[in-house]
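Numbering (our numbering), first residue to last: 4 to 296.
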């Protein structure tokens, strides 16, 4: 599998919708799942505040957030390297009668003029590209002075990273060196057999390095086996990365991600869970304004 093939074939939402891909019911299921699992997104993004603004979504995928921007009155442009994702996003806009523009390209080399947008938004994308800082440089370039950048990356100082991925998942994947143990792992975790087969293949390819190499293990245990790259960031890293070019930099942490645990979703929705997610959540949002010249 090439580096890009994973994201061409897989898009967030594919695993959670039962209807045929591209149908109206498919899009409804994807949106309903996102609303239920990640209800913090409208709160953090505030789609309605971008009404009348030129908005660029870097890594638009199948248009799940795009319809909210356009529906709220933004002049929307989405860019993605995946032709299949763009086709689906355009189909959804057509179905819902929404205006918007979709462009094929890389978030690390945006095909837009300087100072073209009021907002550059990117949700869960730039932690998957090899040159995250290059993507941020491009966001800065295409923003108008005083314009806003808002993106989400995976949070290093999170429960999901240290406990779920680097401790529990590591142990369970390590246990799969025992023949036929994936049946027990599947029962304990609820992971589909094809996902566990992917981990088994990675163990064959890399041996113990798959478990011991933190970067390698992280990449294949965020969005699934085969994902070529995932990175995690701390608040401090990102604030330092933006220093001097962006003002009013704010960080927000959400999404505790307790889905793998019995009763986890209920706990995440309690007042205690809501408090925990603001420090230990998996989604780290960064918002800042381009320094006016």
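Using N, Cα and C, we set each Cβ at its ideal position, and we do this for glycine too.
When beta bridges are read from the DSSP output, residue 292 appears opposite 151, 250.
Listed in chain order, the non-local C-beta contacts of residue 258 below 7 Å within the same chain comprise 41, 43, 280, 284, 285, 286, local neighbours out to five positions each way being set aside.
Taking every protein chain shown into account, the CB of residue 178 has fewer than 16 other CB atoms within 10 angstroms, so this residue is exposed. Counting along the chain, the unbroken beta strand (DSSP E) around residue 58 starts and ends at 57-61.
Under the 8 Å Cβ criterion, the region 162-169 does not count as touching the region 142-151, having fewer than three qualifying pairs. Residue state for residue 107 is assigned as strand, using DSSP reduced to three classes. Three or more beta-carbon pairs separated by less than 8 Å are not found between the region 248-255 and the region 190-204, which leaves the two stretches without contact. Taking the Cα positions, residue 24 is about 19 Å away from residue 227.
Contact holds between the region 92-107 and the region 64-71, because three or more Cβ pairs, one in each stretch, are under 8 Å apart. In terms of Cβ geometry, residue 206 and residue 188 do not form a close pair [threshold 9 Å]. Taking the CA atoms as reference points, residue 243 sits about 16 Å from residue 153. When Cβ pairs closer than 8 Å are counted between the two stretches, the region 111-126 is seen to touch the region 52-61, the count reaching three or more. In the three-state reduction of the DSSP assignment, residue 266 falls in the coil class, being assigned neither a helical nor a strand state. By the Cβ-count criterion, residue 262 is exposed, with fewer than 16 other Cβ atoms from all chains shown falling within 10 Å of its own Cβ. Runs of alpha helix (DSSP H) with 4 or more residues, each lying fully within the region 158-240, are found at 173-178, 185-192, 196-209, 212-215, 217-223, listed in chain order. Residue pairing by DSSP places residue 79 opposite 58 in a beta bridge. Residue 272 sits in coil when the DSSP states are folded into three classes, being neither helix nor strand. For residue 126, the enclosing beta strand (DSSP E) stretches over residues 120-126. The alpha-carbon of residue 260 is positioned some 14 Å away from that of residue 224. When the beta-carbon positions are compared, residue 144 and residue 220 stay at least 9 Å from each other.
Taking a 10 Å sphere around the C-beta of residue 98, we find fewer than 16 other C-beta atoms and assign the residue as exposed. Around the beta-carbon of residue 62, 16 or more other beta-carbon atoms lie within 10 Å, marking it buried.
Counting along the chain, residue 139 sits inside the alpha helix (DSSP H) bounded by residues 135-145.
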